[in-house]
Amino acid sequence: MSKTAPPPNPLLRLLNPRIVVYLLLTLLLAWLMRRHVEVIRAQEKAQDAQTAPSSPHFPIRDAELASGEATPRPMLLLLAGPGDDLGKLQSRLQEEFKQKYAVILLNSRDSLDCQSFFNVEQTPCALLFDEHNNESGRLPEYIDYEHIKQWLHTLGK
Numbered sequence: 189m190s191k192t193a194p195p196p197n198p199l200l201r202l203l204n205p206r207i208v209v210y211l212l213l214t215l216l217l218a219w220l221m222r223r224h225v226e227v228i229r230a231q232e233k234a235q236d237a238q239t240a241p242s243s244p245h246f247p248i249r250d251a252e253l254a255s256g257e258a259t260p261r262p263m264l265l266l267l268a269g270p271g272d273d274l275g276k277l278q279s280r281l282q283e284e285f286k287q288k289y290a291v292i293l294l295n296s297r298d299s300l301d302c303q304s305f306f307n308v309e310q311t312p313c314a315l316l317f318d319e320h321n322n323e324s325g326r327l328p329e330y331i332d333y334e335h336i337k338q339w340l341h342t343l344g345k
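Residue numbering for the sequence shown follows this note's numbering, beginning at 189 and increasing consecutively.
The structure is reproduced here in structure tokens:
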């Protein structure tokens, strides 16, 4: 080549087959990665919907706390210990006081956290809470149906 020859066309250098193939492969790879990310996001949404907790705080069903009306009721909490069976007592109290109180049975077997939360030294124990979840009474001694019934009538609720 002579020194006076014009330089080659720069456009032809840009249309080199290797550059075109690399550009197409890069675009194809970006498209495949985007499709893959969309599939992963759809799977995560479905998995989050399946694993969403039904009740975030307590394992107590809403039917146990709510009455037929929308007004809150006082709550009678029966705290059972390791050897206590208060299920029959709970059902009898629910039948008797279903319009006045929400009767909840809480088993604290092998767990001192529950007892320390309610500040209870011995179980079984009965705790009474008002409509605003403030403790309004405590029956720490031996509890049975007649004893609790008299206690609730003396409180005048």
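By construction, the Cβ of each residue, glycine as well, lies at the ideal position given by its N, Cα and C atoms.
Pick out whichever of Leu-220, Glu-232, Pro-262, Glu-323 has its Cα sitting closest to the Cα of Phe-306.
Here the question's residue 306 lines up with position 118 in the sequence shown. Residue Glu-323 is the option with its Cα nearest to Phe-306.
Residue(s) in a DSSP beta bridge with Leu-294:
Locating residue 294 in the sequence shown gives position 106, counting from the first residue. Leu-267, per the DSSP bridge assignment.
Quick one: give me the first and last residue of the alpha helix (DSSP H) that Phe-306 is part of.
As a working mapping, residue 306 is identified with position 118 in the sequence shown. Careful: Phe-306 lies outside any alpha helix (DSSP H) and carries neither H nor E.
Using DSSP bridges, identify the partner residues of Ala-314.
Walking along the sequence shown from the start, residue 314 turns up at place 126. Within the DSSP secondary-structure output, Ala-314 pairs in a beta bridge with Leu-266, Leu-327.
Given this structure, state the Cα-to-Cα distance separating Glu-319 from Leu-340, to the nearest angstrom.
By 1-based counting over the sequence shown, the position of residue 319 is 131. By 1-based counting over the sequence shown, the position of residue 340 is 152. Rounded to the nearest angstrom, the two C-alpha atoms are 15 Å apart.
In terms of alpha-carbon separation, which member of Leu-315, Thr-342, Pro-260 lies closest to Glu-329?
In the sequence shown, counting from the first residue as 1, residue 329 sits at position 141. For Glu-329, the nearest C-alpha among the options comes from Leu-315.
Looking only at its own chain, which residues have a Cβ that is under 8 Å from the Cβ of Gly-275, when we skip the five neighbours before and after it?
As a first step, residue 275 must be located in the sequence shown, where it is residue number 87. Contacts found: Leu-293.
Thr-342, DSSP secondary structure in three states
Here residue 342 corresponds to residue number 154 of the sequence shown, with the count starting at 1. In the structure shown, Thr-342 sits in a helix (DSSP, three-state: H, G or I).
If you count every other CB in all the chains shown that lies within 10 Å of the CB of Ser-296, and 16 or more means buried, which is it?
Locating residue 296 in the sequence shown gives position 108, where the first residue counts as 1. By the neighbour-count rule (16 or more Cβ atoms within 10 Å), Ser-296 is buried.
Taking the beta carbon of Pro-196 as the centre, do at least 16 other beta carbons fall within 10 Å, making it buried, or is it exposed?
By 1-based counting over the sequence shown, the position of residue 196 is 8. Its Cβ having fewer than 16 others within 10 Å, Pro-196 is exposed.
Please name the residue, chosen from Glu-334, Phe-317, Gly-269, that lies closest to Arg-326 on a Cα-to-Cα basis.
Walking along the sequence shown from the start, residue 326 turns up at place 138. Closest by alpha carbon: Phe-317.
Could you tell me how far apart the beta carbons of Val-308 and Leu-264 are, in whole angstroms, since I believe they sit closer than 8 Å?
The residue you call residue 308 lines up with position 120 of the sequence shown. The residue you call residue 264 lines up with position 76 of the sequence shown. Actually they are not in contact, since the Cβ atoms of Val-308 and Leu-264 sit about 15 Å apart, beyond 8 Å.
With distances taken Cα to Cα, identify the nearest neighbour of Pro-268 among Leu-300, Pro-312, Leu-212, Arg-229.
Taking the first residue of the sequence shown as 1, we reach residue 268 at position 80. The displayed chain sequence assigns Ala, not Pro, to residue 268. Ala-268 has its Cα closest to that of Pro-312, out of Leu-300, Pro-312, Leu-212, Arg-229.
Quick one: what does DSSP say Leu-217 is sitting in, helix, strand or coil?
Along the sequence shown, one-based indexing puts residue 217 at 29. Leu-217: helix per DSSP, three-state reduction.
When DSSP labels each residue in this structure, what does Glu-283 get in the three-state scheme?
Residue numbering aside, residue 283 sits at position 95 when the sequence shown is read from its first letter. Helix, per DSSP.
Which of helix, strand or coil does DSSP assign to His-335?
Position 147 of the sequence shown, counting from 1, holds the residue named residue 335. In the structure shown, His-335 sits in a helix (DSSP, three-state: H, G or I).
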